[in-house]
Every structure is written in structure tokens, then in C-alpha cells.
Amino acid sequence: MPNRDSLPKRERTGEGNRDTMNQRLRIVKKEVRMRMSRLLALSVAVAIVAAACEVAEPPNAGTPDVPSTTRSPTVSTAPAPPSVPSTTIDRSGPTAACGLVEFDASSIDLRLFESFTGEIDPLIGEEAQEEYLLSRDWWASFDWSVVESTDTALLLFGQTRELHDKEPLFANARFELGDEGWQAVSWGGCRIEMGRAGFGPASITINPEDPPNPDTTSLSLLAIEGACASGQAPIDREIIPVVVESEMAVDITTLVASPPGSQTCPLGPRFPITVQLSTELGDRVIRDAASYPVGELVWPLPPEDLFLALLTAGNPPAPGTANVVTWSGEQSGALLFGPDGWNTDPTFIQRFKAPGPMVISGFVTLCDETVGCPEELEPGEIKAIPRIGPECTLVYTPTPGQNIIMTIRFGDLSCAIDVKIGGVG
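UniProt numbering numbers the first residue of the sequence shown as 1 and each following residue consecutively.
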């Protein structure tokens, strides 16, 4: 079946997700302790964004060659926190944000905010109580600090109490006072992402067709935009990859000019960028510093890190029928699309971590005249569902270093499966 996030989430304002709690929770006053390794890594990311002054050519003008910009990371000293914390962001310069919490990227210091000493329970409000009571462990896993506090609003920033490899490492929660008292507006985990006015971050991976070696002075990368861009590559939009080199690492932040107008949110395709180093790569690691913590790029990708993405495209099903996509393996399942839920343009419907072989298939089925077709099928139901016309099938076998996109393209009563290497974010 489609994957579900490990934490309960609830969108209320479009600005963040909400996670919930299982008992009354008091957040005890505690000094926010950030390990120096965290601060150093974050300072590197800040230095990268502050250096973002070289503009690469957009994709249609060829693969950009970007000269590196070297900065020495430093750790800032936290000033005494104000009694009522507030944040003023210079939006003309580099910025960073984690959900609703914004930072001035030129002077980020996560120790700035004072600890939250109040109780969460009275702030939740009646509407969110049921959800709130379900995630005691999630709330308790963060140390909470006050970012903004007024008579009618409270914004909290959470930092995980233990370093780990799983997200989220940070969280944010906003509460507002209305006619019915305090209410939780939004809460959820978040990543600190770098940016600047009019630009958002793009994540990067090594181009598997041109991996680096110790003699490399030019890195071939694939980038994918993090913002909603209607599934389109950033054609005719500025791209700013900035490189910070040190003896131990090459840190790269890639910023992309935001698309104009309203956008939908399918994943966009990866686009190539090339960055030049000031010297040979040697034994230095390459890291994606568009978000914090910075992530080391590994190649070839080990099987447990490979992704398989499924798309649908082609003709909509006729009334009384549905287009069906199935997959086997550890996460076997199926999705059914009736005429009202079909998009003729290529549309992402599923993404897996796929370390082992899987069988992908598509076919058209009849729907019940009374209740119609279900949206999903359990593994045991897939064989029994009737097929109208031929079934298309393809076996996916993981290949080291390569993510795969499969597009199941439907005709009137038939289908075909196309395969593309790469492009899965």
C-alpha cells in the first residue's frame, strides 16, 4: 500500500504539519544544549549561503561550470536571550527556515532562544485534544525554546534531545489565542533549509554516469528542486551552486530561483550541474549543505538506499472501469484510478525504497456498478480482480548507484511500461 509517514500529521494552515500527544506533558525548563559538531556543521552551511554570489546558467543554456568560493566556518557566540524573544529577518540576504521558524542565515545561532518553561497542555485547545493525546513520545523527544511570544501568539522551536540519523532533528509549533482560548495552529518536524530572497534550496546527488575519483577537479551532479514547481525543471530560472572547500570536505549549496505564479507539487526532474574545484578532490568527502545537518554524498548508492518511483500517464479509464497499477515485493499492493481520479499527464503515484526485485504491472478492470472501484487493494485481492484486455508487466531489479522511474502508460484497454534511470528525489 502507499507508504505512510511514521509520525501522525495534520495540516491546518498549509504552513506545517501537526503531530499529537498521549498524556499531559510538562516541558521542564532546560538550557538548550547544542553539540559543537552541530554548530560547526551549521556554520559551514551558513558560510555557503552567505557566499552565494555566482549565478549559474539555467538548464537550457547548458550545464553550468561554477567556480568555488572558499570560506572558513566559524562558531558564533550567543548573545543573552531577550525576555520576550523576537526575530527580525533581513530578507534581502541569505536566510534559513525550519517550518515557521526563520533565521538570519548570516548569524544563525540555535542557542539564541530561551527555554520554554510553561505547559503545552493548556495551549492545545479542544479541537486538537484528540490528536495531541496520541504523540506523547514525539513531544517529549524535543527540547522546546521560545522563538516568538506575544499576548496572542506563541511560536516554539524544538531540538531533538539525542543525535540520530532519522528525521526530524528539529520541530516547530505555533499557538494562537482566539475567542475560545489558546489553540494549536500547527506543529510538526522540520529541517533547517538554506535560502535567500526569491530562491529555494535544491538537493544534489552524484551523477552515477560520471562519478568522481581522487583526481577529479570537476564534479558532475544531479540536482532536484525542493519547492513546488509543477513538476518542471528550472528552465530559464537562475541556479546558484556555491562551493566551500576545506581540507576535509567539499560543501555545496544549490539555490534555485522560485518559479513565478502558483504551482502544483509533483516532483520535478533532476537537472545536471557541474562545479569546478580549486584543486583535486583527493580523499575529501562531498556534502550537500542546502539543509542542516549537511549530508555526505555516497556513490555508488548501496542497495538499501535505492529508490523506485512509479508514474501513471495516458488515456483515462472509460466509465465503469478503472486503471490499475500493482507492485509485488515486501511492500506489495495496488492502486486503482477511476475516470474522476485520472490525470493524463505523467503523475507520481508511489515511491519506494527498493533494495530487492519487484514486479510492476498495469491493467484495466471493471468496477462494481453500485459501489464503484476501491482506491486500494490488499495483496490477497490483486489476483482475483478481473482484467479487461492485456496486462503489462515489468520486473524491477536494483542496480547499484541507479534510481529508477517507471511510467505505466495506459491506452484504451492496454498499457506499456517505460523505464528511466535517475530522477527520484
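We treat Cβ as the ideally placed atom computed from N, Cα and C, and that holds for glycine.
Along the chain, where does the beta strand (DSSP E) that runs through Asp143 open and close? Within the sequence shown, residue 143 is the residue found at index 143, counting from 1. From DSSP, the beta strand (DSSP E) with Asp143 extends over Phe142 to Ser149.
Leu394 and Ile349 - do their beta-carbons sit closer together than 7 Å? The residue labelled residue 349 in the question sits at position 349 within the sequence shown. The residue labelled residue 394 in the question sits at position 394 within the sequence shown. No, the pair does not count as a contact, with Cβ atoms beyond the cut-off.
Check: Glu225 C-beta below 6 Å from any heavy atom of the ligand MN: Judged by which ligands are present, the structure shown has none, so any question about the ligand MN falls away.
Which residues mark the beginning and the end of the alpha helix (DSSP H) in which Pro122 is found? If you number the sequence shown from 1, residue 122 lands on position 122. Here the alpha helix (DSSP H) through Pro122 covers Asp121 to Ile124.
Integer-rounded CB distance, given that Thr217 should sit under 8 Å from Glu280: In the sequence shown, the residue the question calls residue 280 occupies position 280. In the sequence shown, the residue the question calls residue 217 occupies position 217. Contact holds; Cβ gap of about 6 Å.
Using a threshold of 7 Å, state whether the C-beta atoms of Pro316 and Trp342 are closer than that. Start at 1 with the first residue of the sequence shown, and residue 316 comes out as number 316. Start at 1 with the first residue of the sequence shown, and residue 342 comes out as number 342. Cβ atoms of Pro316 and Trp342: closer than 7 Å.
By how many angstroms is the C-alpha of Gln276 removed from the C-alpha of Val46? Taking the sequence shown and counting its residues from 1, the one referred to as residue 46 is at position 46. Taking the sequence shown and counting its residues from 1, the one referred to as residue 276 is at position 276. The pLDDT assigned to Val46 is 45, lower than 50, so where the model puts this residue is not dependable; a value taken from the coordinates is nonetheless given after this. For the pair Val46 and Gln276, the Cα-to-Cα distance works out to about 20 Å.
Leaving out five residues on either side along the sequence, give the residues of the same chain with a beta carbon under 7 Å from the beta carbon of Ala227. The residue given as residue 227 occupies position 227 in the sequence shown. Gly200 and Ser258.
Short of 6 Å in beta carbon distance, which residues of its chain neighbour Ile404, apart from the five on each side in sequence? Order them along the chain. Stepping through the sequence shown from its first residue, residue 404 is reached at position 404. Within the same chain, Ile404 has close Cβ partners Leu308.
Over what stretch of residues does the alpha helix (DSSP H) that includes Gln276 continue unbroken? Counting from one through the sequence shown, the residue named residue 276 turns up at place 276. From DSSP, Gln276 is part of no alpha helix (DSSP H) but of the beta strand (DSSP E) over Phe271 to Gln276.
Beta carbon of Ile385, beta carbon of Val325: below 7 Å? Stepping through the sequence shown from its first residue, residue 385 is reached at position 385. Stepping through the sequence shown from its first residue, residue 325 is reached at position 325. Their beta carbons are not under 7 Å apart, which means Ile385 does not touch Val325 by this criterion.
Three Cβ pairs or more, each shorter than 8 Å: is that satisfied between the region 329–341 and the region 233–252? Short answer: they don't touch.
Flag Val395 as yes if its beta-carbon sits less than 7 Å from any beta-carbon of chain C, otherwise no. No chain C appears in the structure shown, which is made up of a single protein chain.
Thinking just about the alpha-carbon of each residue, which of Arg351, Arg174, Ile204 and Ser414 is nearest to the one in Gly295? Along the sequence shown, one-based indexing puts residue 295 at 295. With distances taken between Cα atoms, Gly295 lies closest to Ile204.
Can you tell which of Glu378, Gln402 and Gly411 has the C-alpha that lies nearest to the C-alpha of residue 511? The first residue shown for the chain is 1 and the last is 425, placing residue 511 beyond what the model contains.
Please state the DSSP three-state secondary structure of Asp340. Along the sequence shown, read from residue 1 onward, the residue named residue 340 stands at position 340. Three-state DSSP puts Asp340 in a helix.
Can you give me the Cβ contacts of Arg161 inside the same chain, cut-off strictly under 8 Å, excluding the 5 residues immediately before and after it? Reading the sequence shown from its first residue, position 161 is the one you call residue 161. Counting only Cβ-Cβ distances below 8 Å, and skipping sequence neighbours, we find Ser141, Phe142 and Asp143.
Contact check, Val147 vs Phe116, beta carbons under 7 Å: What you label residue 147 is simply residue 147 of the sequence shown in a count that begins at 1. What you label residue 116 is simply residue 116 of the sequence shown in a count that begins at 1. Contact: no.
Which two residues bound the contiguous beta strand (DSSP E) that contains residue 426? With the chain represented from 1 up to 425, any question about residue 426 goes unanswered, as that position is not in the structure.
DSSP state of Trp327 mapped onto helix, strand, coil: What you label residue 327 is simply residue 327 of the sequence shown in a count that begins at 1. Here Trp327 sits in strand by DSSP.
Can you give, in chain order, each stretch of the alpha helix (DSSP H) that sits fully within the region 335–390 and has at least 4 residues? 379–382
Enclosing alpha helix (DSSP H) for Glu130 [first to last residue]: Residue 130 sits at position 130 when you count from the first residue of the sequence shown. Going by DSSP, Glu130 is part of the alpha helix (DSSP H) stretching over Gln129 to Tyr132.
With respect to the beta strand (DSSP E) encompassing Pro241, which residues constitute its N-terminal and C-terminal limits? In the sequence shown, counting from the first residue as 1, residue 241 sits at position 241. Taken as a continuous stretch (DSSP letters only), the beta strand (DSSP E) holding Pro241 covers Ile239 to Glu245.
Alpha-carbon to alpha-carbon, Leu154 and Phe175: Translated into the one-based positions of the sequence shown, residue 175 becomes position 175. Translated into the one-based positions of the sequence shown, residue 154 becomes position 154. Each residue's alpha carbon lies about 5 Å from the other.
Can Ser328 and Val359 be called in contact, C-beta distance under 7 Å? Locating residue 328 in the sequence shown gives position 328, counting from the first residue. Locating residue 359 in the sequence shown gives position 359, counting from the first residue. Yes.
Between the Cα of Pro357 and the Cα atoms of Leu306, Glu180 and Leu336, which residue gives the shortest distance? By one-based count along the sequence shown, residue 357 stands at place 357. Ranking Leu306, Glu180 and Leu336 by Cα distance to Pro357 puts Leu306 first.
Where does the unbroken beta strand (DSSP E) through Trp182 begin, and where does it stop? As a position in the sequence shown, residue 182 is number 182, starting the count at 1. Looking at the DSSP string, the run of the beta strand (DSSP E) that includes Trp182 is Gly181 to Cys190.
Just the Cα atoms here: how many angstroms apart are Ile224 and Asp179? Counting from one through the sequence shown, the residue named residue 224 turns up at place 224. Counting from one through the sequence shown, the residue named residue 179 turns up at place 179. Answer to the nearest angstrom: the Cα atoms are 43 Å apart.
With DSSP as the reference, label Asp236 as helix, strand or coil. Position 236 of the sequence shown, counted from the start, is the residue given in the question as residue 236. Looking at Asp236 - three-state DSSP - the assignment turns out to be coil, as it is neither helix nor strand.
Tell me, which residues are paired with Phe307 by DSSP? Position 307 of the sequence shown holds residue 307. Answer is Lys353, bridged to Phe307.
Looking at C-alpha atoms only, which residue of Gly118, Glu381, Asp283 and Pro214 is the closest neighbour of Ser149? Along the sequence shown, read from residue 1 onward, the residue named residue 149 stands at position 149. Out of Gly118, Glu381, Asp283 and Pro214, Gly118 has the C-alpha closest to the C-alpha of Ser149.
Leu413 beta carbon less than 7 Å from that of Ile382: To locate residue 382, count along the sequence shown from 1; it is residue 382. To locate residue 413, count along the sequence shown from 1; it is residue 413. For Ile382 and Leu413, no; Cβs fall outside 7 Å.
Please report the distance separating the alpha-carbon of Glu376 from that of Leu336. To locate residue 376, count along the sequence shown from 1; it is residue 376. To locate residue 336, count along the sequence shown from 1; it is residue 336. Each residue's alpha carbon lies about 6 Å from the other.
Limits of the unbroken beta strand (DSSP E) element including Leu177: Within the sequence shown, numbered from 1, the residue matching residue 177 stands at position 177. Note, Leu177: beta strand (DSSP E), Phe170 to Gly178.
Report the option in Trp138, Gly282 and Phe103 whose CA atom is closest to the CA atom of Ile120. Stepping through the sequence shown from its first residue, residue 120 is reached at position 120. The shortest Cα separation from Ile120 among Trp138, Gly282 and Phe103 belongs to Trp138.
For the beta strand (DSSP E) that Pro201 lies in, which residues bound it at each end? As a first step, residue 201 is located in the sequence shown; it is residue number 201 there, counting from the start. DSSP places Pro201 in the uninterrupted beta strand (DSSP E) bounded by Phe199 to Ile206.
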